[in-house]
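Protein chains in written order, with the working numbering: chain S, 1 to 222; chain A, 223 to 459.
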């Protein structure tokens, strides 16, 4: 059954709010293709909502109470000095990426790390050892990936970490990154076999690092 | 030593996002765009604080107005909420956006003031028409604009201006829009203030106002339909 203009007129707000279930969304879209009047109506609804954005509502605060409030604010801030915002969050906030953006950066770096580790592993047949170029690259990339993931998580959670927690977690990240890279470089390490021949191992380790950090941050935020 | 401030044991509702018991879904944290503002506020930048108050005070009163019986009481609630905001600011935990927190404070206070004065009327979840439109169940657009087969009888007039920025620059249109806004029932006004004017997302608005999503969209739809009509008056032909 085709929906009429009248029936749909009650649904366009849901449509604009992306709240229309797909079963209704598709017919609504098809209707829009056909019906110029409804197209215009939806356009105008959208323009109305957009015009409201940033519009200020009366009343404005009166001068005396605003002054009183400001002096209260002054007093309050004097006795409780602002907490320093940890540098990763501060630095990362300057790079104005959305949460989605940060997630993509972190995930791409992790993938890059895994590929780097694999590359190292593939090239490091007997005869290669720590200190070879591939090894250095994969070490650096993996380490970078772990730290970047952590930094992205900090930026995401916007939590204050106490200095020692921050130190411990960074150290863990470095150790994890290093042993991951080490595993790709040296025969003697237990992880070598797993890492050299199984890309799944690398991914599992990266994931483990990611989950550990997430868990730590969740503990912290609680 | 971790020195995480906690609000436990304090009568302050400063760090409470209402109706989010677990705080998992609505606790998306402070958006990056608000971080510079928060830093300036925490650094004691008075100019920033004053303009922040000026910018949001009207919306605060409007949200309070939804719960309390008079504009004067709403104004009082808004003032108290600003004081609570100032008190809580250094301990703000960044689990929501600054504005969600702010409007959460005002809605909570208004609710408790209303309850104390015996005026409290919860927005009925399953009864969207409870927002003072009870006598007017017809859709806001009106049946008159459609013919019996459901097609437009009186289609929406084409507007001289459909660009939001140019609309905003048109004094007559904006006067009409403001007037229409003033005439909306309080619940619709609050929804428009939070969703369209402040740009909070659906879940945040529902949490703050304590309404279901369905009810929220009904209110939003009615309000936007009326506001569109106001602009139509200004721009048709």
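For every residue, glycine included, the Cβ atom is placed at its ideal position computed from N, Cα and C.
State the start and end residues of the unbroken alpha helix (DSSP H) segment that holds residue i.
i: residue 278/A; result: 268-287
i: residue 9/S; result: 5-9
i: residue 394/A; result: 393-405
i: residue 414/A; result: Element bounds for residue 414/A: n/a, residue is neither H nor E.
i: residue 12/S; result: 12-16
i: residue 42/S; result: 36-52
i: residue 334/A; result: 320-338
i: residue 309/A; result: 293-310
i: residue 427/A; result: 424-431
i: residue 259/A; result: 257-264
Helix, strand or coil for residue i? Go by DSSP, reduced to three states.
i: residue 458/A; result: strand
i: residue 368/A; result: strand
i: residue 66/S; result: helix
Strictly below 9 Å CB to CB, what residues from chain A border residue i?
i: residue 64/S; result: Residues of chain A passing the Cβ test: none, with the nearest at roughly 11 Å.
i: residue 59/S; result: 279, 280, 283, 293 and 297
i: residue 72/S; result: 304, 305, 308 and 309
What does residue i reach in chain S if we use C-beta pairs closer than 9 Å?
i: residue 368/A; result: 4, 5, 6 and 9
i: residue 335/A; result: Result: empty, since nearest Cβ-Cβ is about 17 Å, beyond 9 Å.
i: residue 321/A; result: Per Cβ cutoff of 9 Å: no residues; residue 321/A is ~13 Å from chain S at best.
i: residue 287/A; result: Within chain S, no residue comes near residue 287/A; the closest Cβ sits about 10 Å away, beyond 9 Å.
Does the Cβ of residue i lie closer than 6 Å to at least one heavy atom of the ligand HEM?
i: residue 301/A; result: This structure does not include the ligand HEM; it has no bound ligands of any sort.
Run through chain S and tell me which residues come within less than 8 Å of residue i, C-beta to C-beta.
i: residue 453/A; result: 44, 47, 48 and 51
i: residue 442/A; result: 13 and 17
i: residue 462/A; result: Residue 462/A is absent from the structure shown; chain A starts at 223 and stops at 459.
i: residue 338/A; result: Going along chain S, no residue has its Cβ under 8 Å from residue 338/A, so there is no contact; the nearest lies around 22 Å.
List the residues of chain S that residue i touches, going by C-beta distances under 7 Å, in chain order.
i: residue 275/A; result: 61, 66 and 69
i: residue 372/A; result: 4, 5, 6 and 7
i: residue 271/A; result: 70 and 73
i: residue 439/A; result: 13, 14, 17 and 19
i: residue 450/A; result: 44, 45 and 48
i: residue 331/A; result: Near residue 331/A there are no residues of chain S at all, since even the closest Cβ is about 15 Å away, more than 7 Å.
Please list the partners that residue i has in chain A, where partner means a Cβ-to-Cβ separation under 7 Å.
i: residue 55/S; result: 419
Check whether the region 419-428 of chain A touches the region 315-333 of chain A, counting contact only when three or more Cβ pairs, one atom from each stretch, lie closer than 8 Å. yes
At a Cβ cut of 7 Å, what residues of the region 32-43 of chain S count as close to chain A, listed as they run along the chain? 37, 40, 41 and 43
At least three beta-carbon pairs within less than 8 Å, the region 267-278 of chain A to the region 383-399 of chain A: no
Report the residues of the region 409-428 of chain A with a CB closer than 8 Å to any CB of chain S, ordered along the chain. 414, 415, 418, 419, 421 and 424
When Cβ atoms are compared, which residues of the region 378-409 of chain A fall closer than 9 Å to chain S? 378, 379, 380, 381, 383, 384, 385, 386, 387, 389, 390, 395, 396, 399, 400, 403 and 404
Residues in the region 9-27 of chain S having any Cβ partner in chain A nearer than 7 Å: 9, 10, 13, 14, 17 and 19
May I ask you to verify whether the region 251-270 of chain A touches the region 31-51 of chain S, counting CB pairs closer than 8 Å and requiring at least 3? no
At least 3 beta-carbon pairs within less than 8 Å: the region 300-315 of chain A vs the region 403-419 of chain A: no
Between the region 365-382 of chain A and the region 397-407 of chain A, do at least 3 Cβ pairs fall closer than 8 Å? no
Cβ contact (3+ pairs, closer than 8 Å) linking the region 323-342 of chain A and the region 272-290 of chain A: yes
Is it the case that the region 1-12 of chain S contacts the region 27-34 of chain S, given that we only count it when at least three CB pairs across the two stretches are under 8 Å? yes
If we count Cβ pairs, one from each stretch, closer than 8 Å, do we get three or more for the region 257-268 of chain A versus the region 50-60 of chain S? no
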